[in-house]
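Note sheet for the following structure.
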Amino acid sequence: MKKNKIVRCPYCGSPAYLRSADGIYKNNRAGAKLYVCSKYPACDSYVRVIPGTKIPAGSLANKALRALRIEAHRYFDLLFQTGIMNRNEAYEWLACMLQMPLSQAHIGYLGEYYCNRVIEETKRLLENRQILNERWREHQYQKIAAGGGL
Ligand SMILES: [Zn+2]
10 MKKNKIVRCP YCGSPAYLRS ADGIYKNNRA GAKLYVCSKY PACDSYVRVI
60 PGTKIPAGSL ANKALRALRI EAHRYFDLLF QTGIMNRNEA YEWLACMLQM
110 PLSQAHIGYL GEYYCNRVIE ETKRLLENRQ ILNERWREHQ YQKIAAGGGL
């Protein structure tokens, strides 16, 4: 990334400025910093930075998109929290689905369409896994039943 690259608000085109999240986050004890649209609060658009850097952790988002990204991230995290895949595999899966390089495959860059895709695809994988688990259990019961029938 270029050093003094201007971060712009994708909603109104105004420049966004790096500032503390005080007064935006209800609780900013962690001292988070954000890129906030210069028209804030009329334009409710911001993004946090990667802690300890000035690098935005994604693109600026309004309230609806911020909520959707949080939801998409919760689903996405289930992929490795439930052990369907490990964390690296989950990001590879995301990059593949988005047809993006792995370095750009982050929920923080996703718009509404792709957030919804992540939620749907994750749900589908979780459901498939559940079906597989049930089949496996059934198979085990049948084996036990067959063994016990002697
Ligand atoms: Zn704006």
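The opening position of the sequence shown corresponds to residue 10 in our numbering, with each subsequent residue numbered one higher.
C-beta: ideal position from N, C-alpha, C; glycine also.
Just so it is clear, the structure is predicted and the values come from calculations on it, not from any experiment.
Candidates the options, of which the one nearest residue i by Cα
i: Ala-51; options: Thr-62, Glu-130, Phe-85, Cys-18; result: Cys-18
i: Tyr-123; options: Tyr-84, Glu-136, Lys-152, Gln-151; result: Tyr-84
i: Arg-126; options: Ala-81, Ser-54, Val-56; result: Ala-81
i: Ser-54; options: Ala-76, Leu-87, Arg-138; result: Ala-76
i: Asn-37; options: Ala-114, Pro-60, Gly-156, Trp-145; result: Pro-60
i: Leu-74; options: Leu-87, Val-56, Pro-65, Asp-86; result: Val-56
i: Ser-47; options: Ala-39, Gln-139, Gly-22; result: Gly-22
8 angstroms contact criterion, which residue i and residue j should meet: CB distance rounded
i: Tyr-44; j: Leu-69; result: 6 angstroms
i: Ala-41; j: Ala-30; result: 4 angstroms
i: Met-106; j: Glu-129; result: No, Met-106 and Glu-129 are not in contact; Cβ-Cβ is about 10 angstroms, not under 8 angstroms.
i: Asn-167; j: Tyr-20; result: In this structure the chain extends from 10 to 159, so residue 167 is not present and cannot be described.
i: Ile-93; j: Leu-134; result: 6 angstroms
i: Gly-67; j: Gly-120; result: No, Gly-67 and Gly-120 are not in contact; Cβ-Cβ is about 11 angstroms, not under 8 angstroms.
Cβ neighbours of residue i in the same chain (closer than 6 angstroms, five flanking residues each side left out)
i: Ala-154; result: none
i: Asn-95; result: Phe-89
i: Gln-149; result: none
Where the beta strand (DSSP E) containing residue i begins and where it ends
i: Ala-25; result: 25 to 29
i: Cys-46; result: 42 to 46
i: Arg-57; result: 55 to 57
Proximal residues to residue i (C-beta, below 7 angstroms), its chain only, five neighbours per side dropped
i: Lys-11; result: Unreliable placement is indicated for Lys-11, whose pLDDT of 49 sits below 50; the coordinate value is still reported in the next sentence. If we look at Lys-11 and ignore the five residues flanking it on each side, it has no Cβ neighbours.
i: Leu-159; result: Model confidence at Leu-159 stands at a pLDDT of 48, short of 50, so the residue's coordinates are unreliable and nothing is read from them.
i: Lys-63; result: Leu-27
i: Gly-32; result: none
i: Leu-111; result: Tyr-100, Glu-101, Ala-104
i: Pro-65; result: Val-16, Tyr-44, Val-56, Val-58
Host alpha helix (DSSP H) of residue i (start-end)
i: Met-106; result: 96 to 107
i: Ile-79; result: 72 to 90
In chain order, what residues have a CB nearer than 6 angstroms to some heavy atom of ligand 1? Cys-18, Tyr-20, Cys-21, Ser-23, Cys-46, Lys-48, Cys-52, Ser-54
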